[in-house]
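Residue numbers (our numbering), protein chains in the order written: chain C, 1139 to 1571; chain S, 1139 to 1571. Even for Gly, the Cβ is constructed at its ideal location relative to N, Cα and C. Below is one structure, written out as structure tokens, with a few remarks after it.
Here is the structure:
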């Protein structure tokens, strides 16, 4: 990690210290993805199959996972893993259900009833990556809120393995969420298929889930296309920012930084501390723990670009964090809760020494699909509401329009919208008659 | 309006009947807007001033509206208009406040407290058009929820008039919402200024509000830019779909269709009815009412592309409406409420004969910034939540990680993420020790 002292940096250096690395070769990715999207729009399933041969190295006749495959998948898992998926699903459901938006109605004036009703988005597409590692936890994070929202059609795409099968844990997790339509397709081709529809893969209204640079770019492109699909949020490499005081446990902090670093070479890791001794101890711990990691090479690459910043105070650290707006924020502080009111922008916050990010990733109950790249300034993580639309309704009695109609008439006149005015005036006349 | 019989159309014709016209000359707009964005990023205020000279025909030294200008604006309005703005603001606040998202917390396991906290988006930019007509109502629809959310910095841009002043009703409405930073700037240059920041106009995290094709395209482009801003929703021309039965009042229906048609030549107007007599009567009423409209030319253009479709039943009309997903849906039906459960996708619904769209546009209490172009399939209109971010939090005691840690360990192992596993294992060991 690069060591820095925040108070020794000038404004330009501070900006540089918090700058996220530009996504590599975005122009190349954009062109390649655009070609795949065109191919899938033109040739449908044939194009998806061709891409699967090209990128996943497997020729699949049918992409849809059969009942038999689901059954086999379940039997392949250890009872302990099945139980862990079940347990995580339950806890995620409990937290998400408690936060569901409700319908409401009120009389805003006598005879004017306004309300909000909620509808599930009809057709949603979930993407579960399986590149460097299969991610059954992501299937839960997408599938549980989709089920709670009551989406009529839930489609899940995940890349096939070399033998043509889908990861059994992903399949088990999908079924756990009531998802029956799973397709073995990955990358930009899967996003294109769900956005535009093919003979076998249904067209979806909104797409969800993380992915590599190709998936991310494909989501960006279909969100822009006139006939494309909406997406959950902009995506970038995963990030953690840890604020640790002198009382923090260096081994815990190092482990948390490494959990982020092992995600990928472009993972973002930042440590802020007001204590040099702690920063030294964490650095030493990172070196020790790295040796035991199977994905040490990936983590090392990520750490090359990451920063350990000495700050003047914890308050300053919070200001820096708000400016950076991290996806994950760990407050390894003695009085972590007392600092929470200062948190202005972050995807998910972990308070104290006993809340590693890994708990939120898997099973505390919160969602792990969170805003990256500073998007926490303006968007939160996935919730059930991400799978719903809110519709407003107004029901007006004759006495209602008599009460509020004159206000509308006055405003329509001011805006020079005479037909608007007339639509109200005609009714006011009818009520008065 | 073009008359059609739904049940006489083949699938291709049905698709055509519900197709929205492609935005004209989007490629030209895109290039022009991109040039303006570049100019503003490079030259800041100078570029905004140059564009204002070019497009609004006025040379402005200072763009920011002064206290004196606010004071003058207030005195220019009639007491009746001031009262109407106050009244609408109150009703909008009442409805929006009742629907605010709440923070919540629960123990998802013993010693694991998960919660959602809410934060206002810090810096928001509101755009209030004033092209064909100034829109004080839009200032309320944006400003009221921004105030309820508690956004720290609220910036509002609205195009200057030829004499260099801002519309007084817009200024009064802005002040009514506690907005003090109003800038006389419009079009793509205003969006660029709020997205990237200039010396005088602060950079914003998220931009809100409707606008013409240039504003819409500018919002689309800044939402894509790496260093741009988020936007409220994709935007397109305004739309209404009216479902009317034989008992509907033809004059009311005609007035509602015309209120939409007068917005612009690209406004979308669709009438669905199971009764030919009603359709005939509405057509006749439209002709009569058109003659009295100052904006008759605009409305006539919009009506040229609009459709009156005979359906087999009201149930079929609801299916068609759900497929179209209109911004505004008027149910001019005898038993309007009983049909509401069938509404799957719409921005705002108006039940019965006494709820013209104009009420929702101005003062029923609901928001008039609503999804267009079929976006109602996946997004709702503006709410206070549009101006907030939700952050999840987890606080874990030692007994909490003892309870759920093993679940995380199992899942991290299945996903091959050993540092994640280790971050939990180290703590489990410490708790057990």
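Handout entry: With 16 other Cβ atoms within 10 Å as the buried cut-off, status of residue 1432 of chain S
Key = Here residue 1432 of chain S refers to the residue found at position 294 of the second chain. Exposed: under 16 other Cβ atoms inside 10 Å.
Problem - For residue 1295 of chain S, three-class secondary structure by DSSP - result: Locating residue 1295 of chain S in the second chain gives position 157, where the first residue counts as 1. Correct three-state label for residue 1295 of chain S: strand.
Problem - Under 8 Å from the C-beta of residue 1560 of chain S: neighbouring residues of chain C - result: Here residue 1560 of chain S is taken as the residue at index 422 of the second chain, counted from 1. Simply 1393, 1396, 1397, 1427, 1430 and 1431.
Handout entry: Other residues of its chain near residue 1420 of chain S: CB distance less than 6 Å, five sequence neighbours each side excluded
Key = Taking the second chain and counting its residues from 1, one reaches residue 1420 of chain S at position 282. Around residue 1420 of chain S: 1388, 1391 and 1392.
Practice task
State buried or exposed for residue 1242 of chain S, treating a residue as buried only when at least 16 other CB atoms are found within 10 Å of its CB.
Solution key: As a working note, residue 1242 of chain S is residue 104 in the second chain. Looking at its Cβ environment, which holds fewer than 16 other Cβ atoms inside 10 Å, residue 1242 of chain S is exposed.
Problem - Residues bridged to residue 1264 of chain C [DSSP beta-bridge criterion] - result: Residue numbering aside, residue 1264 of chain C sits at position 126 when the first chain is read from its first letter. In the DSSP output, where bridge partners are listed per residue, residue 1264 of chain C has C:1294 and C:1346.
Problem - Integer Cβ distance of residue 1460 of chain C from residue 1483 of chain C, believed to fall under 8 Å - result: Along the first chain, one-based indexing puts residue 1460 of chain C at 322. Along the first chain, one-based indexing puts residue 1483 of chain C at 345. Going by Cβ atoms, the distance from residue 1460 of chain C to residue 1483 of chain C rounds to 5 Å, so yes, they are a contact pair.
Problem - Chain-ordered chain C contacts of residue 1273 of chain S [CB-CB under 7 Å] - result: The count along the second chain starts at 1 and reaches residue 1273 of chain S at position 135. Chain C residues near residue 1273 of chain S: 1553.
Practice task
To the nearest angstrom, report how far apart residue 1539 of chain C and residue 1567 of chain C are at their CA atoms.
Solution key: The residue you call residue 1539 of chain C lines up with position 401 of the first chain. The residue you call residue 1567 of chain C lines up with position 429 of the first chain. The alpha-carbon atoms of residue 1539 of chain C and residue 1567 of chain C are separated by roughly 11 Å.
Exercise for the section: Would you list the residues sitting across from residue 1378 of chain S in a DSSP beta bridge? Expected result: In the second chain, the residue the question calls residue 1378 of chain S occupies position 240. S:1407 and S:1466, per the DSSP bridge assignment.
Practice task
Would you list, in chain order, the members of the segment 1483 to 1502 of chain S that have their beta-carbon closer than 8 Å to a beta-carbon of chain C?
Solution key: 1483, 1484, 1485, 1486, 1487, 1488, 1489, 1490, 1491, 1492, 1493, 1494, 1495, 1496, 1497, 1498, 1499, 1500, 1501 and 1502
Problem - Residues of its chain near residue 1408 of chain C, where Cβ-Cβ distance is below 6 Å and the 5 sequence neighbours each way are ignored - result: Start at 1 with the first residue of the first chain, and residue 1408 of chain C comes out as number 270. Within the same chain, residue 1408 of chain C has close Cβ partners 1379 and 1445.
Practice task
Kindly indicate the opening and closing residues of the alpha helix (DSSP H) around residue 1545 of chain C.
Solution key: One-based indexing of the first chain puts residue 1545 of chain C at position 407. Element bounds for residue 1545 of chain C: 1536 to 1552.
Problem - Status (buried if at least 16 other CB within 10 Å, exposed otherwise) for residue 1180 of chain S - result: Walking along the second chain from the start, residue 1180 of chain S turns up at place 42. Answer is exposed; the Cβ neighbour count stays below 16.
Practice task
Give the residues from the segment 1335 to 1357 of chain C that approach chain S closer than 8 Å (Cβ to any Cβ), ordered along the chain.
Solution key: 1343 and 1344
Exercise for the section: Using three-state DSSP, classify residue 1530 of chain S as helix, strand or coil. Expected result: One-based indexing of the second chain puts residue 1530 of chain S at position 392. Residue state, collapsed to three classes: strand.
Handout entry: In chain order, each alpha helix (DSSP H) run of at least 4 residues that lies wholly inside the segment 1489 to 1534 of chain S
Key = 1495 to 1500
Exercise for the section: Measure the C-alpha to C-alpha separation of residue 1412 of chain C and residue 1153 of chain C and round it to an integer number of angstroms. Expected result: Sequence index remark: in the first chain, residue 1412 of chain C carries index 274 (1-based). Sequence index remark: in the first chain, residue 1153 of chain C carries index 15 (1-based). In a straight line, the C-alpha of residue 1412 of chain C is about 19 Å away from that of residue 1153 of chain C.
Practice task
May I ask you to verify whether the segment 1263 to 1280 of chain S touches the segment 1553 to 1563 of chain S, counting CB pairs closer than 8 Å and requiring at least 3?
Solution key: no
Handout entry: alpha helix (DSSP H) segment containing residue 1428 of chain C, residue limits
Key = Taking the first chain and counting its residues from 1, the one referred to as residue 1428 of chain C is at position 290. From DSSP, the alpha helix (DSSP H) with residue 1428 of chain C extends over 1414 to 1429.
Exercise for the section: Please list, in chain order, all residues of the same chain as residue 1434 of chain C whose beta carbon is under 6 Å from its beta carbon, the five residues on each side excluded. Expected result: Here residue 1434 of chain C corresponds to residue number 296 of the first chain, with the count starting at 1. Counting only Cβ-Cβ distances below 6 Å, and skipping sequence neighbours, we find 1428.
Practice task
Would you grab the beta carbon distance between residue 1348 of chain C and residue 1403 of chain C for me? Rounded to a whole angstrom, and I think it's under 8 Å.
Solution key: Start at 1 with the first residue of the first chain, and residue 1348 of chain C comes out as number 210. Start at 1 with the first residue of the first chain, and residue 1403 of chain C comes out as number 265. That pair is no contact at about 16 Å.
Exercise for the section: Compare the Cα-Cα distances from residue 1453 of chain C to each of C:1343, C:1318 and C:1477 and report the closest residue. Expected result: To locate residue 1453 of chain C, count along the first chain from 1; it is residue 315. Answer by Cα proximity: C:1477.
Exercise for the section: Spell out the partners DSSP gives residue 1252 of chain S in its beta bridges. Expected result: What you label residue 1252 of chain S is simply residue 114 of the second chain in a count that begins at 1. Looking at the DSSP assignment, residue 1252 of chain S forms a beta bridge with S:1244 and S:1532.
Practice task
Spell out the partners DSSP gives residue 1394 of chain S in its beta bridges.
Solution key: Numbered from its first residue, the second chain carries residue 1394 of chain S at position 256. Answer by DSSP bridge pairing: none, since residue 1394 of chain S is not bridged.
Handout entry: Neighbour list for residue 1307 of chain C in chain S, Cβ cutoff strictly below 7 Å
Key = Here residue 1307 of chain C refers to the residue found at position 169 when the first chain is read from its first residue. Within 7 Å Cβ-Cβ: 1552.
Problem - Beta-carbon proximity list for residue 1258 of chain S, same chain, < 7 Å, skipping 5 on both sides - result: Here residue 1258 of chain S refers to the residue found at position 120 when the second chain is read from its first residue. Counting only Cβ-Cβ distances below 7 Å, and skipping sequence neighbours, we find 1287, 1288, 1289, 1290, 1525 and 1526.
Practice task
For the alpha helix (DSSP H) containing residue 1473 of chain C, list its first residue and its last residue.
Solution key: Stepping through the first chain from its first residue, residue 1473 of chain C is reached at position 335. Per DSSP, residue 1473 of chain C belongs to no alpha helix (DSSP H) and is neither H nor E.
Exercise for the section: To the nearest angstrom, report how far apart residue 1489 of chain S and residue 1513 of chain C are at their CA atoms. Expected result: Position 351 of the second chain, counting from 1, holds the residue named residue 1489 of chain S. Position 375 of the first chain, counting from 1, holds the residue named residue 1513 of chain C. For residue 1489 of chain S and residue 1513 of chain C, the distance between alpha carbons rounds to 38 Å.
Exercise for the section: For residue 1140 of chain C, count neighbouring Cβ atoms within 10 angstroms of its own Cβ and tell me buried if that reaches 16, exposed if not. Expected result: By one-based count along the first chain, residue 1140 of chain C stands at place 2. With fewer than 16 Cβ atoms within 10 Å of its Cβ, residue 1140 of chain C is classed as exposed.
Practice task
Whole angstroms is fine: what's the gap from residue 1211 of chain C's alpha carbon to residue 1509 of chain S's?
Solution key: Within the first chain, the letter at position 73 stands for residue 1211 of chain C. Within the second chain, the letter at position 371 stands for residue 1509 of chain S. Using only the alpha carbons, I get a separation of about 41 Å.
Exercise for the section: Can you say whether residue 1350 of chain S is buried or exposed, counting buried as having 16 or more other CB atoms within 10 angstroms of its CB? Expected result: On the second chain, position 212 is the one that residue 1350 of chain S refers to. Flag for residue 1350 of chain S reads buried.
Practice task
Tell me whether residue 1481 of chain C sits in a helix, a strand or coil according to DSSP, three-state version.
Solution key: As a working mapping, residue 1481 of chain C is identified with position 343 in the first chain. Coil, per DSSP.
Handout entry: Same chain, Cβ closer than 6 Å to residue 1264 of chain C, neighbours up to 5 away in sequence not counted
Key = For the purposes of this step, residue 1264 of chain C is identified with residue 126 of the first chain, where counting begins at 1. If we look at residue 1264 of chain C and ignore the five residues flanking it on each side, its Cβ neighbours are 1280, 1294, 1346 and 1347.
Exercise for the section: Look up residue 1319 of chain C in the DSSP assignment and give the residues it is bridged to. Expected result: Taking the first residue of the first chain as 1, we reach residue 1319 of chain C at position 181. Residue 1319 of chain C is bridged to C:1293.
Exercise for the section: Between the Cα of residue 1261 of chain C and those of C:1414, C:1467 and C:1339, spot the shortest distance and give me the residue it belongs to. Expected result: Numbered from 1 along the first chain, position 123 holds the residue referred to as residue 1261 of chain C. Here the closest residue by C-alpha is C:1339.
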